[in-house]
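S.K.: The following block contains the structure, expressed as structure tokens.
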Amino acid sequence: MHSAVLLIEFGSIILALGLLGRFAGRFRISPIPLYLLAGLAFGEGGLLPLGASEEFVATGAEIGVILLLLMLGLEYSASDLVSNLKAHYPAGLVDGALNALPGAVAALLLGWGPVAAVVLAGVTWISSSGVIAKVLGDLGRVGNRETPVILSVLVLEDLAMAVYLPIVTALVAGAGLAAGSLTLAIALGAAGLVLFLAVRYGRLISRFVSSDDPEKLLLVVLGLTILVAGVAQQLQVSAAVGAFLVGIALSGEAAEGAHTLLSPLRDLFAAIFFVFFGLHTDPASIPPVLLPALALAVVTGATKIATGYWAARRAGISVKGRWRAGGALVARGEFSIVIAGLAVTAGIEPSLGPLATAYVLILVVLGPLTARYTEPLATRWSRRRTARREPDREPAERTEAPAQTSVGD
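Residue numbers for the sequence shown, in my numbering: 148 to 556.
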């Protein structure tokens, strides 16, 4: 009987996610806010609470995080990461300073303490690579001059995750300074070792993993990723970091084949992850934090626009391209929820989960709009400003004109 209820509940969840994804695709919006709302509806305090399938959904959510980070790692080769780090690290530093600080300050002002401040700093810092990539494709801007700048900022954020996630994992677990330092040292050592091996022996690793049989390739890559993620978690390093490093280590045909095969699985389990996060958020807890979430969204939306503008200006992009770069970076999404999920699972601050949910809902909807309209609005504002200055000059020019005519006559 329990098995039948489990199948009915889980099947209903997947069917609902499919219909929501189809609805989002029709209107060309990200499905993430709809998945979060579905989790709120199915969770405790929602319209239709689930019971039998919650444990199964929790396991699926953990796999979803692992696949999100694996697919992110597959997007970049180790040499690309190293070259981006050398060329664009100032943009990464500005990005971190402008966007992590508001989250940390907000947590301290709300009285949540230093651990919650570090967590909320990450929530407001990391942009959504998935949402931004989709928006750039929808707007036909993949070939624009500012797009490499946007991607460089996202790559640096992804690299920072490899350092940031172990720190957060140690903090939320209540580890002391010595244990936390050891965890960070292990994570940095592992990341450095993987980058070295990927640069030096990337072809050999990919050749070992690669297979002409899609089934074998899928099983080897998926098994290796989950194994490494489990070992990383056992060492008190985030499982997501382990998955990210596996993705970086693979390149060439192996990476391309794995990306194609794993994309549907990533989409399925990532959707389950967003539902799981919503399940653990009581809808009644969102209204009290809605105003702080809105204020934080406005502030960090502006700081992301400033980040993109500065990075594009540094790269020699035109003014219009700078505004487009800034507007494209506003969206937050999957990784903000991943970071907040660590704190929610550890029970750090009851209000942090609802605040993060409301914050992501606001910016994942606002992000595509800022990407589309920031540059036209900035251009219009600039023209109005110029037009206001012109009337001040016109009277002087008109008084001079008759005088010149009279002299000529």
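Ideal Cβ positions, reconstructed from N, Cα and C, are used throughout, including at glycine.
For the candidate residues L181, L214, S159 and R288, whose alpha-carbon lies nearest to that of G394?
M.R.: L214
S.K.: Can L219 and F391 be called in contact, C-beta distance under 8 Å?
M.R.: yes
S.K.: So, does the region 519-536 touch the region 498-510, judging by three or more C-beta pairs under 8 Å?
M.R.: Counting Cβ pairs under 8 Å, fewer than three are found: no touch.
S.K.: Tell me, to the nearest whole angstrom, how far the beta carbon of L397 is from that of V356; I am working on the premise that it is less than 8 Å.
M.R.: 6 Å
S.K.: Quick one, which of G211, M308, S159 and F157 has its alpha-carbon nearest A561's?
M.R.: The chain is shown from 148 up to 556; residue 561 falls before or after that span and cannot be answered.
S.K.: Under 8 Å, with one C-beta from each stretch per pair, do the region 504-518 and the region 470-479 reach the 3-pair mark?
M.R.: yes
S.K.: According to DSSP, is F482 helix, strand or coil?
M.R.: helix
S.K.: Which residues in the same chain have their Cβ closer than 8 Å to the Cβ of V204, if we skip the five residues on either side of it in sequence?
M.R.: F157, I160, L197, I419, V422, F423 and L426
S.K.: Is it true that the CB of A462 sits closer than 8 Å to the CB of R296?
M.R.: It should be pointed out that residue 296 corresponds to Val in this sequence rather than to Arg. Against a cut-off of 8 Å, the Cβ pair of A462 and V296 comes out as a contact.
S.K.: Is the CB-CB distance between A458 and V282 below 8 Å?
M.R.: no
S.K.: Are the CB atoms of A251 and A234 nearer to each other than 8 Å?
M.R.: Taking 8 Å as the Cβ cut-off, A251 and A234 do not qualify as a contacting pair.
S.K.: For L476, does the three-state DSSP call read helix, strand or coil?
M.R.: coil
S.K.: What's the call for L155, buried or exposed, on a 16-neighbour Cβ count within 10 Å?
M.R.: Sequence inspection shows Ile at residue 155; the Leu mentioned does not correspond to that position. Exposed.
S.K.: Since I believe Y182 is in contact with L167 (beta carbons under 8 Å), could you give me their beta-carbon distance rounded to a whole number of angstroms?
M.R.: 7 Å
S.K.: For a test of the three-state rule: what should DSSP assign to L382, helix, strand or coil?
M.R.: coil
S.K.: Helix, strand or coil: which one does DSSP assign to N291?
M.R.: coil
S.K.: According to the Cβ coordinates, are E293 and G468 closer than 8 Å?
M.R.: yes
S.K.: Would you say the region 232-249 touches the region 408-417, given that touching needs at least three Cβ pairs under 8 Å?
M.R.: no
S.K.: How about K451 and S328: are their beta carbons less than 8 Å apart?
M.R.: no
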